[in-house]
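J.:
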């Protein structure tokens, strides 16, 4: 990933090259289910399928949109520690002219392959933050999973217009 980010390829080429890496090494379905929280169980199978598809798009867009910000980045990998049934890999992300960022990559083997299920930046879990945002949004819309699906659909559609 570092080689892609730091290459001289166009942003579109970098995004295209990142997609298979994300699909292979990030458990997007597990992250999606976690982020929907208790609403996953009340969503219909059709809503779950639609949500997973939209979440994949939103997550990939969020990650690949930041590629341009990470030119010149380096990682320093530290130790690992057990977090429940998962492993936390400590890293320091160094970006030119910015303070170093302490980051933990939470890796799960639940699928039989080690995959990223969360990123904790400076003590803040990205998936927990997303879960809280989604729960708050759904609560403001009378518990409607469809309202979240509609909002995510608009977000994906608006992104594809750039």
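In the working numbering, the protein residues as written are 55 to 216.
We treat Cβ as the ideally placed atom computed from N, Cα and C, and that holds for glycine.
(1) Can you tell which of 124, 78, 163 and 141 has the C-alpha that lies nearest to the C-alpha of residue 151?
(2) Do the stretch 72-86 and the stretch 161-170 meet, that is, are 3 or more Cβ pairs less than 8 angstroms apart?
(3) What's the call for residue 68, buried or exposed, on a 16-neighbour Cβ count within 10 Å?
(4) Ordered along the chain, which non-local residues of its own chain (more than five positions away) have a Cβ less than 8 angstroms from that of residue 188?
(5) Among 128, 110, 205 and 173, which residue has its Cα nearest to the Cα of residue 60?
(6) Please confirm if the stretch 147-162 is in contact with the stretch 105-120, defined as three or more CB-CB distances below 8 angstroms between the two stretches.
(7) List the whole-angstrom C-beta distance separating residue 158 from residue 146, where the pair is believed to meet the contact cut-off of C-beta under 8 angstroms.
(8) Name the one or two DSSP bridge partners that residue 160 has.
(9) Does DSSP classify residue 127 as helix, strand or coil?
(10) Pick from 143, 198 and 65: whose alpha carbon is nearest that of residue 118?
(11) Spatial neighbours of residue 63 within its chain, please: C-beta separation below 8 angstroms, excluding the five flanking residues on both sides.
(12) Would you mind stating whether residue 144 and residue 162 have Cβ atoms separated by less than 7 angstroms?
(13) With distances taken Cα to Cα, identify the nearest neighbour of residue 213 among 126, 156, 108 and 185.
T.: Let me lay it out:
(1) Measuring from the Cα of residue 151, the nearest candidate turns out to be 124.
(2) yes
(3) With 16 or more other Cβ atoms within 10 Å, it is buried.
(4) 89, 90, 91, 93 and 202
(5) 128
(6) no
(7) Not really, about 11 angstroms apart at Cβ, beyond 8 angstroms.
(8) 142 and 172
(9) coil
(10) 65
(11) 71, listed in sequence order.
(12) no
(13) Proximity to residue 213 across 126, 156, 108 and 185 peaks at 108, based on C-alpha coordinates.
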